[in-house]
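Trainee: Protein chains in written order, with the working numbering: chain A, 13 to 140; chain B, 13 to 140; chain C, 13 to 140; chain D, 13 to 140; chain E, 13 to 140; chain F, 13 to 140. My structure is below; once you've seen it, I'll send some questions.
There are 6 protein chains.
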Amino acid sequence: MDDTRVKKGEERLRQLNYANSIGPKLAEISPELNRYRKEFAFGDVHSRPGLSMRDHELVILSGLCALGYAQEELKSHINLGLNAGLSRQEILEIFIQLAVYAGFPAAVNATFIAKDVFDARDAKGIKQ
Amino acid sequence: MDDTRVKKGEERLRQLNYANSIGPKLAEISPELNRYRKEFAFGDVHSRPGLSMRDHELVILSGLCALGYAQEELKSHINLGLNAGLSRQEILEIFIQLAVYAGFPAAVNATFIAKDVFDARDAKGIKQ
Amino acid sequence: MDDTRVKKGEERLRQLNYANSIGPKLAEISPELNRYRKEFAFGDVHSRPGLSMRDHELVILSGLCALGYAQEELKSHINLGLNAGLSRQEILEIFIQLAVYAGFPAAVNATFIAKDVFDARDAKGIKQ
Amino acid sequence: MDDTRVKKGEERLRQLNYANSIGPKLAEISPELNRYRKEFAFGDVHSRPGLSMRDHELVILSGLCALGYAQEELKSHINLGLNAGLSRQEILEIFIQLAVYAGFPAAVNATFIAKDVFDARDAKGIKQ
Amino acid sequence: MDDTRVKKGEERLRQLNYANSIGPKLAEISPELNRYRKEFAFGDVHSRPGLSMRDHELVILSGLCALGYAQEELKSHINLGLNAGLSRQEILEIFIQLAVYAGFPAAVNATFIAKDVFDARDAKGIKQ
Amino acid sequence: MDDTRVKKGEERLRQLNYANSIGPKLAEISPELNRYRKEFAFGDVHSRPGLSMRDHELVILSGLCALGYAQEELKSHINLGLNAGLSRQEILEIFIQLAVYAGFPAAVNATFIAKDVFDARDAKGIKQ
Numbered sequence: 013m014d015d016t017r018v019k020k021g022e023e024r025l026r027q028l029n030y031a032n033s034i035g036p037k038l039a040e041i042s043p044e045l046n047r048y049r050k051e052f053a054f055g056d057v058h059s060r061p062g063l064s065m066r067d068h069e070l071v072i073l074s075g076l077c078a079l080g081y082a083q084e085e086l087k088s089h090i091n092l093g094l095n096a097g098l099s100r101q102e103i104l105e106i107f108i109q110l111a112v113y114a115g116f117p118a119a120v121n122a123t124f125i126a127k128d129v130f131d132a133r134d135a136k137g138i139k140q
Numbered sequence: 013m014d015d016t017r018v019k020k021g022e023e024r025l026r027q028l029n030y031a032n033s034i035g036p037k038l039a040e041i042s043p044e045l046n047r048y049r050k051e052f053a054f055g056d057v058h059s060r061p062g063l064s065m066r067d068h069e070l071v072i073l074s075g076l077c078a079l080g081y082a083q084e085e086l087k088s089h090i091n092l093g094l095n096a097g098l099s100r101q102e103i104l105e106i107f108i109q110l111a112v113y114a115g116f117p118a119a120v121n122a123t124f125i126a127k128d129v130f131d132a133r134d135a136k137g138i139k140q
Numbered sequence: 013m014d015d016t017r018v019k020k021g022e023e024r025l026r027q028l029n030y031a032n033s034i035g036p037k038l039a040e041i042s043p044e045l046n047r048y049r050k051e052f053a054f055g056d057v058h059s060r061p062g063l064s065m066r067d068h069e070l071v072i073l074s075g076l077c078a079l080g081y082a083q084e085e086l087k088s089h090i091n092l093g094l095n096a097g098l099s100r101q102e103i104l105e106i107f108i109q110l111a112v113y114a115g116f117p118a119a120v121n122a123t124f125i126a127k128d129v130f131d132a133r134d135a136k137g138i139k140q
Numbered sequence: 013m014d015d016t017r018v019k020k021g022e023e024r025l026r027q028l029n030y031a032n033s034i035g036p037k038l039a040e041i042s043p044e045l046n047r048y049r050k051e052f053a054f055g056d057v058h059s060r061p062g063l064s065m066r067d068h069e070l071v072i073l074s075g076l077c078a079l080g081y082a083q084e085e086l087k088s089h090i091n092l093g094l095n096a097g098l099s100r101q102e103i104l105e106i107f108i109q110l111a112v113y114a115g116f117p118a119a120v121n122a123t124f125i126a127k128d129v130f131d132a133r134d135a136k137g138i139k140q
Numbered sequence: 013m014d015d016t017r018v019k020k021g022e023e024r025l026r027q028l029n030y031a032n033s034i035g036p037k038l039a040e041i042s043p044e045l046n047r048y049r050k051e052f053a054f055g056d057v058h059s060r061p062g063l064s065m066r067d068h069e070l071v072i073l074s075g076l077c078a079l080g081y082a083q084e085e086l087k088s089h090i091n092l093g094l095n096a097g098l099s100r101q102e103i104l105e106i107f108i109q110l111a112v113y114a115g116f117p118a119a120v121n122a123t124f125i126a127k128d129v130f131d132a133r134d135a136k137g138i139k140q
Numbered sequence: 013m014d015d016t017r018v019k020k021g022e023e024r025l026r027q028l029n030y031a032n033s034i035g036p037k038l039a040e041i042s043p044e045l046n047r048y049r050k051e052f053a054f055g056d057v058h059s060r061p062g063l064s065m066r067d068h069e070l071v072i073l074s075g076l077c078a079l080g081y082a083q084e085e086l087k088s089h090i091n092l093g094l095n096a097g098l099s100r101q102e103i104l105e106i107f108i109q110l111a112v113y114a115g116f117p118a119a120v121n122a123t124f125i126a127k128d129v130f131d132a133r134d135a136k137g138i139k140q
């Protein structure tokens, strides 16, 4: 099996300073889905140079907020977004903007998850 | 009635070089909803300085794509996004990225609307 | 086959002065789904006395608006809602209220369908 | 900054006898989103006289049920709906009606949240 | 009241070796919604012979995954699907396939619920 | 660029006797998204042997129905499902089953698209 794309995805995740629970938990139950996540989601798509790393995260955070039900992924990508250079305030601004288009419940859900992530980063002494 | 926020929304829409059918059609059937759209959506929220005008549109386009059913608003905001400085390719990249998180049908729907908007702009001789 | 519930659903549809294209079209392609629609949707549930007929329609119109993609059913239930005693302005107020919770695109979509229904009723000389 | 609309929203929330955790928690993390919630959601829209206070809540509860993912807001608005004059049985009837249009999982989710709210009110000795 | 359809639904649930918390919990708070669930969802629809019992569950699991927010029902139907003859791997394959159409977050959510169900069955010594 | 996965996707589409408008239209506006569709959606995932070709389509049709807004993809996959061995009646049964879980509007939308596809196949003299 050719691992070029898996490695490219893993490299992208390293650049994003990825450290959370989706990867290992998913690898345990559905290694195939985890492989596609590395290969396709991060190796192929997130690595595309047509948008900056920060803009990829801006797009993903906006899409996840609008979906309304993507708590686990939001938690992960709020961390990745901060690692990619978005400020905490910019992340809150995304959700304020989407209150208009996806409704207040989607925006409030995402904002509450942001609070949890910010608190966890504070507890670890991460400034941004 | 205080028109400060309406005027602020109209000013924002002018900056975005807004010209489409949602505003007039909505004004005719539900002038109140159209007023909130100008006051709240554009006067209050879109005008917030915490994100650039381009980033507001990046966020909105991403949210609309993920919703899946927002054809009219996508058509409008693809135009506004281009007017705010996004390139055609960047708009296509947004939808490629969201194929991962919202699924291919949402991404394909949005991409087909982009094609219609690009064609209409070509027909009017608009370069971007 | 026992037709009690079908008849109850048909009676409810008669009380709502139902006349549109979902029923006959659905009967042609999927008579079973149409039967459940009469039996369950209108015979069992819409006929429940715990809410007034007007409130049943208020609830349904709100749910359909929030779903975002239910154009055919919205068209049908805007007519049924008017027949059940909701005023045109009340129907527009529903969608204004849901702009807050489901977002502006869902509200705008529903409002545009309302305009089509109101215009069609005007053309037929229906006052309400 | 003009606080007229904030005060109008706070007055509306007082009329609804509002007491829950969304407001204070949101104020802490995103005071701007909380301000729009008071100004726009409650000051502008919920205060509109075209629907009764009870009907505003009927509409909101229906929309939230159909969204499927709005647990926090449902918990809040089931309380507000009861305070606005809806009976417990009427709230259950909303979700029964929406099982037809939004599907059983959305209806069951909302019904289980209603149970939690009813139990909490019983524990506080609130009759309705 | 005619209980034929309730009994048919209960018989279907017995064939599926149903044992979980939705039924009893729902019966306590909204016996009417629980009755429709037995009568309509299981008595009328799930009992239809046009699809095998396994295919009914394949369809339901796919729909629930795509909705994104249906955690309780997914937990229930992963058990019912296994009881109806789907293998654990087939259930994971459903969610892999739907990562393409409903997006990775919907697929990951469903996969994590599958892990919880598989673990609970392991703890009870259930092989499949 | 390695075309192995593209070729695998094209081979899968050939096995499904694919002939519709999504591919060529998408290739024109966003060749990259079309490439991922062939590589990932059909080459990697649809080609997985853990489900039969018919079951892949059963899963996809169910997911698309539940999304509610995926008209173009439904039209395409109703054709692919028939080509993969599903009968017309089985396809209608999928949507009947999902009326329970995704609601009647999603089921009715999908059923009406099925009617269009069946009519088009009749016009071409395709028996199944």
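The C-beta atom is built at its ideal place from N, Cα and C for all residues, glycine as well.
Would Tyr113 (chain C) and Gly137 (chain A) qualify as a contact pair, given that the criterion is a beta-carbon distance under 7 Å?
Mentor: Result no, Cβ atoms of Tyr113 (chain C) and Gly137 (chain A) do not sit closer than 7 Å.
Trainee: Should Glu105 (chain E) and Gly93 (chain F) be called a contact, given that it needs their Cβ atoms to be closer than 7 Å?
Mentor: Cβ atoms of Glu105 (chain E) and Gly93 (chain F): not closer than 7 Å.
Trainee: Just to confirm before moving on: does the CB-CB distance between Lys87 (chain B) and Val129 (chain B) stay below 7 Å?
Mentor: The answer is yes: Cβ separation under 7 Å.
Trainee: Just to confirm, are Glu40 (chain C) and Val18 (chain C) a CB contact at a threshold of 7 Å?
Mentor: For Glu40 (chain C) and Val18 (chain C), no; Cβs fall outside 7 Å.
Trainee: Give the C-beta separation of Leu110 (chain A) and Ser64 (chain A) to the nearest angstrom, bearing in mind that I take them to be a contact with Cβ-Cβ under 8 Å.
Mentor: Contact flag wrong, Cβ pair sits at about 20 Å.
Trainee: Hey, out of C:Leu45, C:His58 and C:Pro43, whose CA is closest to Leu25 (chain C)'s CA?
Mentor: Out of C:Leu45, C:His58 and C:Pro43, C:His58 has the C-alpha closest to the C-alpha of Leu25 (chain C).
Trainee: Distance, Cα to Cα, Gly55 (chain D) vs Thr16 (chain D)?
Mentor: Cα-Cα distance, rounded: 9 Å.
Trainee: Considering only their Cβ atoms, is the gap separating Ala118 (chain E) from Ile103 (chain E) smaller than 7 Å?
Mentor: No, these two residues do not count as a Cβ contact at 7 Å.
Trainee: Going along the chain, which residues of the region 98-118 of chain E sit with their C-beta nearer than 7 Å to a C-beta in chain B?
Mentor: Listed by position, the residues of the region 98-118 of chain E near chain B (Cβ gap below 7 Å) are Val112, Tyr113, Ala114, Gly115, Phe116 and Pro117.
Trainee: Short of 7 Å in beta carbon distance, which residues of its chain neighbour Arg66 (chain F), apart from the five on each side in sequence? Order them along the chain.
Mentor: Taken in chain order, the residues that qualify are Ala96, Gly97 and Leu98.
Trainee: So if I threshold CB-CB distances at 7 Å, which residues from the region 57-83 of chain F count as touching chain C?
Mentor: Answer in chain order: Gly80 and Tyr81.
Trainee: For chain B, find out if any of its Cβ atoms is closer than 7 Å to the Cβ of Ile41 (chain F); answer yes or no.
Mentor: So, interface residue.
Trainee: Buried or exposed: which applies to Asn46 (chain E), given that a residue is buried once 16 or more other Cβ atoms fall within 10 Å of its Cβ?
Mentor: Classification of Asn46 (chain E): buried, given that the 10 Å Cβ count is 16 or more.
Trainee: How many Å lie between Thr123 (chain B) and His89 (chain B) at the Cα?
Mentor: Answer to the nearest angstrom: the Cα atoms are 13 Å apart.
Trainee: Closest Cβ-Cβ distance between Ala135 (chain A) and chain B: below 7 Å?
Mentor: Not closer than 7 Å to any Cβ of chain B, the Cβ of Ala135 (chain A) fails to qualify, so no.
Trainee: When the cut-off is 7 Å and only beta carbons count, does Leu45 (chain B) lie next to chain C?
Mentor: Yes, its Cβ sits closer than 7 Å to a Cβ of chain C.
Trainee: Buried or exposed: which applies to Arg60 (chain F), given that a residue is buried once 16 or more other Cβ atoms fall within 10 Å of its Cβ?
Mentor: Looking at its Cβ environment, which holds fewer than 16 other Cβ atoms inside 10 Å, Arg60 (chain F) is exposed.
Trainee: Among the candidates D:Arg49, D:Asp134 and D:Ile108, whose CA atom is the shortest distance from the CA of Leu38 (chain D)?
Mentor: When each option's Cα is compared against that of Leu38 (chain D), the closest is D:Arg49.
Trainee: Rounded to whole angstroms, what's the CA-CA distance from Ala53 (chain F) to Gln101 (chain E)? Just pull it up for me.
Mentor: Ala53 (chain F) and Gln101 (chain E): Cα-Cα distance of roughly 19 Å.
Trainee: Using 10 angstroms around the beta-carbon of Ser42 (chain C), count the other beta-carbons present and answer buried if the total reaches 16, otherwise exposed.
Mentor: Buried is the call here.
Trainee: Using C-beta distances below 7 Å, list every residue in its chain close to Lys20 (chain F), excluding the 5 sequence neighbours before and after it, in chain order.
Mentor: Once the five neighbours on either side are set aside, the close Cβ partners of Lys20 (chain F) are Gly55 and Ser59.
Trainee: Considering only residues of the region 91-131 of chain A, which uninterrupted alpha helix (DSSP H) runs meet the minimum length of 4 residues and lie entirely inside it, listed in chain order?
Mentor: Runs found: 100-114.
Trainee: Check whether chain A comes within 7 Å of Glu85 (chain D), counting only Cβ atoms and requiring the distance to be less than that.
Mentor: Yes, because at least one Cβ of chain A sits closer than 7 Å to the Cβ of Glu85 (chain D).
Trainee: For Leu78 (chain F), collect the residues of the same chain with a Cβ closer than 8 Å to its Cβ; drop the 5 residues on either side in sequence, then sort them by chain order.
Mentor: Going by the sequence as given, residue 78 (chain F) is Ala instead of Leu. Answer for Ala78 (chain F): Leu110, Tyr113, Ala114 and Ala118, listed in chain order.
Trainee: Report the residue from E:Asn91, E:Glu22 and E:Leu76 whose alpha carbon sits nearest the alpha carbon of Gln140 (chain E).
Mentor: Ranking the options by Cα distance to Gln140 (chain E), first place goes to E:Asn91.
Trainee: Is Tyr81 (chain E) near Gly35 (chain D), with beta carbons less than 7 Å apart?
Mentor: Not closer than 7 Å, so no.
Trainee: Return helix, strand or coil for Ile72 (chain D), following the three-state DSSP convention.
Mentor: Looking at Ile72 (chain D) - three-state DSSP - the assignment turns out to be helix.
Trainee: Can Ile72 (chain C) and Glu44 (chain B) be called in contact, C-beta distance under 7 Å?
Mentor: Not in contact: Ile72 (chain C) and Glu44 (chain B) (Cβ atoms no closer than 7 Å).
Trainee: If you scan the region 15-85 of chain E from start to end, which runs of the alpha helix (DSSP H) of 4 or more residues do you find wholly inside it?
Mentor: Runs found: 16-27, 34-41, 43-48 and 65-79.
Trainee: What do you reckon, are the CB atoms on Leu70 (chain E) and Leu70 (chain F) nearer than 7 Å?
Mentor: Against a cut-off of 7 Å, the Cβ pair of Leu70 (chain F) and Leu70 (chain E) comes out as a contact.
Trainee: Please list the partners that Ala53 (chain D) has in chain A, where partner means a Cβ-to-Cβ separation under 7 Å.
Mentor: Phe116, listed in chain order.
Trainee: For Glu84 (chain D), which residues of its own chain have a beta-carbon under 7 Å away from its beta-carbon, when the five flanking residues on both sides are left out?
Mentor: Counting only Cβ-Cβ distances below 7 Å, and skipping sequence neighbours, we find Ile34.
Trainee: From Leu76 (chain C) to Leu76 (chain A), what distance separates their C-alpha atoms?
Mentor: About 22 Å.
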